[in-house]
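I have placed the structure first, in the form of structure tokens, so that the comments after it can refer back to it.
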Amino acid sequence: ASSSSATAIKGLDFNSDVLSPRMKSFHHTYLSVSHRSRKIKRHLNISVDWAGCQPWTFSVFFVIFKKYMYNIMYKHLHIGKNEFYITGESYAGKYIPALGYTIHERNPHAELKINLAGLAIGNGLVDPKNMLAYSDYLPQLGLIDDNAMLILKKLERNALDLINQEKFSDAADARIRILVMFQNISGLINVYDYTKNDNSSTITLYSGPIGQYLNQTKVKRALHVGSKPFSDGNVPAAILHEDIAKSVAPWLVTLMENYRVMLYNGQLDIIVAYPLTVNFVKRLKWSGAEEYNNASRQIWYVDGKIAGYVKTAKNFTEVLVRNSGHMVPSDQPVWALDLITRFTRKIPFDQPLVGNRKRVRVTA
112 ASSSSATAIK GLDFNSDVLS PRMKSFHHTY LSVSHRSRKI KRHLNISVDW AGCQPWTFSV
172 FFVIFKKYMY NIMYKHLHIG KNEFYITGES YAGKYIPALG YTIHERNPHA ELKINLAGLA
232 IGNGLVDPKN MLAYSDYLPQ LGLIDDNAML ILKKLERNAL DLINQEKFSD AADARIRILV
292 MFQNISGLIN VYDYTKNDNS STITLYSGPI GQYLNQTKVK RALHVGSKPF SDGNVPAAIL
352 HEDIAKSVAP WLVTLMENYR VMLYNGQLDI IVAYPLTVNF VKRLKWSGAE EYNNASRQIW
412 YVDGKIAGYV KTAKNFTEVL VRNSGHMVPS DQPVWALDLI TRFTRKIPFD QPLVGNRKRV
472 RVTA
């Protein structure tokens, strides 16, 4: 299951009934290796065909989502023993731990067990309380000066106080004020990639070719979404606003103790920047904390190029992906494919990708 999966489908031809790769665009070749996946979009009211469906807060969302997943398993019992991976990015940092934790708690007593194997979260807003230190990060990039740093620190303290008071809606507003203040001070409007000063990293999903393709009757029938249109998430975003400031770190800790977990971040992101992720990870109380803090960083290569840096401890992997912003699969599709393939195939980052003794070739 994945979030924002549409951002990872560069190079596809949306003007045909069959989604197919263009010959001169990004493509990949697996030799005797393949992934089987069912992609579930971010919000229920734009993905699952339930009459009168409304967007939910993540605490309610995972209860409904759990039922949906078990319905899939009952209808397709032959896939029940397959390894199940939950992946996504950004706000999925909330519902991936929620769904994973639900499966973990339910499995021991469930008639139908889901073979949860791992969870991967990209630029995920998991623990906002410990992901507010923009004023420590942005001066190091040279994007704000000391005066601006003091302004942001004041705003961060306000957001933290509101979280501690469990005024989560107000805290979410306070977090937005931090980002807006940065935009006003720096003149940069793109908080998803600080090398850009426009919204070019945001794909036009709803009115553009992707939205047009997904709204075709044949495509909606194939996706089992009934007559529901693929549309923007403004209404769900408004209803989920309060949850933005809430933490799911305790659920993530349980999952880290029992399953393989990968957190990856694009180097150029601001809104959920890599240092903010590291900041909350270092505060997690789990059995691998000391091993993680003492672990050496490893250089990750793809086709002889430095794709990023990796740190591992027990079943946990933390990755920085170079030259990419908030949308890693869109910004660096070849490297993202290498990353998720290694994770799901349990291939160390210092070994070539292989499948049945044949190398997996990833090209651009």
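For reference, each letter of the sequence shown is one residue, going 112 to 475 in our numbering. Think of the CB as a built atom: it goes at the ideal place given N, C-alpha and C, for glycine as much as any other residue. Note that this is a predicted model, so its numbers are computed, not measured.
{"query": "Ile232 vs Ile214 beta-carbon contact at 8 Å", "result": "no"}
{"query": "Limits of the beta strand (DSSP E) - the one that Gly233 falls within", "result": "227-233"}
{"query": "For Ile350, the residue or residues it bridges with in DSSP", "result": "Per DSSP, none; premise fails for Ile350."}
{"query": "Nearest residue (CA-CA) to Glu401, options Leu249, Ile382, Ala424", "result": "Ala424"}
{"query": "Euclidean distance between Cα positions of Leu450 and Gln409", "result": "14 Å"}
{"query": "C-alpha distance - Leu503 paired with Met367, whole-angstrom precision", "result": "Since the first residue of the chain shown is 112 and the last is 475, residue 503 is not available in this structure."}
{"query": "Coil, strand or helix - Ile255 by DSSP", "result": "coil"}
{"query": "Under 8 Å between C-beta atoms of Ile355 and Leu236", "result": "yes"}
{"query": "Spatial distance of Lys205 from Glu216 (CA atoms)", "result": "17 Å"}
{"query": "DSSP-derived helix/strand/coil call for Ala418", "result": "strand"}
{"query": "Cβ separation of Asn234 and Ser280, assumed to be a contact under 8 Å, to the nearest whole Å", "result": "Incorrect: roughly 23 Å between the Cβ atoms, too far for contact."}
{"query": "For Gly191 and Leu299, the rounded distance between their alpha carbons", "result": "47 Å"}
{"query": "Burial state of Val291 (16 or more Cβ within 10 Å)", "result": "exposed"}
{"query": "Buried versus exposed call for Gln443 [16 or more other C-beta atoms within 10 Å across all chains shown]", "result": "buried"}
{"query": "Segment limits, beta strand (DSSP E) that includes Ile382", "result": "Taken as a continuous stretch (DSSP letters only), Ile382 belongs to no beta strand (DSSP E), as it is neither H nor E."}
{"query": "Ala333 classed as buried or exposed, judged by whether at least 16 other C-beta atoms fall within 10 angstroms", "result": "exposed"}
{"query": "Trp446 and Val421 closer than 8 Å at C-beta", "result": "no"}
{"query": "Glu194 classed as buried or exposed, judged by whether at least 16 other C-beta atoms fall within 10 angstroms", "result": "exposed"}
{"query": "Simplified DSSP assignment, three categories, for Arg371", "result": "strand"}
{"query": "Sub-8 Å separation of Tyr385 and Leu230 beta-carbons", "result": "no"}
{"query": "In chain order, each alpha helix (DSSP H) run of at least 4 residues that lies wholly inside the region 384-450", "result": "385-392, 400-405, 439-442"}
{"query": "Cβ neighbours of Tyr245 in the same chain (closer than 8 Å, five flanking residues each side left out)", "result": "Leu263, Glu267, Ile289, Leu290, Phe293, Ile381, Ala384, Leu387"}
{"query": "Whole-Å CB distance - Leu271 paired with Leu249, under 8 Å assumed", "result": "About 17 Å separates the two Cβ atoms, so there is no contact after all."}
{"query": "Local Cβ density within 10 Å of Gly253, reported as buried at 16 or more and exposed below that", "result": "exposed"}
{"query": "Pairwise C-alpha distance: Ile197 and Lys457", "result": "15 Å"}
{"query": "Between the CA atoms of Asp247 and Met260 - distance to the nearest angstrom", "result": "8 Å"}
{"query": "Residues sharing a beta bridge with Phe279, DSSP", "result": "Phe279 pairs with nothing; no bridge assigned."}
{"query": "For Gly204, the three-state DSSP class (helix, strand or coil)", "result": "helix"}
{"query": "For His220 and Asn434, the rounded distance between their alpha carbons", "result": "45 Å"}
{"query": "Length of the line joining the Cα atoms of Tyr324 and Lys339", "result": "14 Å"}
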